[in-house]
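Single-structure report; data block below.
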Amino acid sequence: MNVERGVSLARFTTLGTGGPARFFARPETLQELEQALAFAESEGVGVAVVGLGSNMLAADEGVDRLVLKLGGDLAGVAIEEERVLAGGGATNAVILHRVRAAGLGGFEFACASPGTIGGGVWMNAGAYGGEVAQVLDRALVVTASGSDWLTPEHLGLTYRHSNLEHGRVVARVELRLRRRPLDEIKETITAMQQRRKAAQPTNKRTFGSVFKNPEHELTAGRMLEACGLKGHRVGGAQISPVHANFIENADGARSADAIALMNEARRRAWEQFGVELRHEVELLELPELPPLP
Ligand SMILES: Cc1cc2nc3c(=O)[nH]c(=O)nc-3n(C[C@H](O)[C@H](O)[C@H](O)COP(=O)(O)OP(=O)(O)OC[C@H]3O[C@@H](n4cnc5c(N)ncnc54)[C@H](O)[C@@H]3O)c2cc1C
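Numbering of the sequence shown is given in the numbering used here, commencing with residue 1 and proceeding in unit increments.
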């Protein structure tokens, strides 16, 4: 299996930021994935997977790991009656296209997030009342020391959270959907997409929600809007003028710019509402955000 060096992660993240990966490989089969994990172990480096990079901020200085991008068989989709068998690298868009054509409902919520199903399992992605945990039967998680089929309970799927760690790769998933008339599926997707378009910056480079919604009457977006942060800019990144829980790449942003905005947003939400916002986006080789006083 071919291992590349110094591949820029900015090419693989939706915000378009991130430095080079020390090693980069694109396994297409379980065997190649196992070889890649063995390679990382022999080099003594950690592993991270990049899906669609739609929920990831990677260090500008680069990532001292083997970064994997699943392809081929590990990004394929097959449908057997009401079961969907997909590779961890399959995008939500492709899965949705296939299940819609097969008249299967239950995955419509995924039209809102542009990631892969592996990334969706990692953070139990969801929207509009749906989430991965509701449709996932089991996921094949591969590590350097073996593999296991895990249920949502074993994966610890809760609100935008799983107990996965880097080095545990979601190689395959099995989803269970249900028959639904095609016109109903289309109607649901259209309605969700219209809601998205009305409320979020859909034509800018972002990484989706920056912070998880806190236990508070205001969502993170409303809270940051009330802090006057819409349009606030650091370097090439700005808090979206459309939705304050989004950060846009306005012009040549770096991950460090986005982090500076996140720190400012957390400070202001703490001062104004006494709420400690927790980030939803995955920070790859970036220091944890400093604690609030
Ligand atoms: C415009 C926009 C709207 C969005 N809306 C939503 C939304 O409504 N709801 C929502 O939940 N999210 C939303 N997101 C965020 C994002 O799309 C989801 O979190 C998505 O599930 C991330 O998948 P990904 O493949 O892009 O993961 P990445 O960003 O590539 O990775 C995220 C994490 O998952 C890990 N990972 C990825 N693939 C695997 C794998 N195969 N095995 C193990 N670990 C893996 C990565 O290492 C990383 O830690 C949005 C993003 C954008 C840009």
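Every residue gets a Cβ at the ideal spot worked out from N, C-alpha and C, and that includes glycine.
The three-state secondary structure of Gln-194, taken from DSSP, is helix.
Look at the region 147-180 and you find these whole runs of alpha helix (DSSP H), each 4 residues long or longer: 152-155. Counting the other Cβ atoms within 10 Å of the Cβ of Thr-17 gives 16 or more, which makes it buried. In this structure, DSSP gives His-97 a helical state, which the three-state scheme calls helix. For Val-50, there is no enclosing alpha helix (DSSP H), since its DSSP letter is neither H nor E. Residue environment analysis places Leu-182 among the exposed positions, since fewer than 16 neighbouring C-beta atoms fall within 10 angstroms of its C-beta. By the neighbour-count definition (other C-beta atoms within 10 Å, threshold 16), Gly-44 is an exposed residue.
With a cutoff of 8 Å on beta-carbon distance, Lys-212 and Arg-267 are scored as not near each other.
Remark: the C-beta of Leu-52 is in contact range of ligand 1, defined as less than 7 Å to any heavy atom. Secondary structure note for Ala-139: its beta strand (DSSP E) is the uninterrupted segment 136-143.
Here the alpha carbon of Val-49 sits roughly 20 Å from the alpha carbon of Ala-110.
Comparing alpha carbon positions, the residue from Asp-60, Glu-280, Arg-100 closest to Val-77 is Arg-100.
Ligand 1 has no heavy atom closer than 7 Å to the beta-carbon of Trp-149.
A distance criterion of 7 Å places the beta-carbon of His-166 in contact range of ligand 1, judged by its closest non-hydrogen atom.
Phe-12 carries a helical assignment under DSSP once its states are collapsed to helix, strand and coil.
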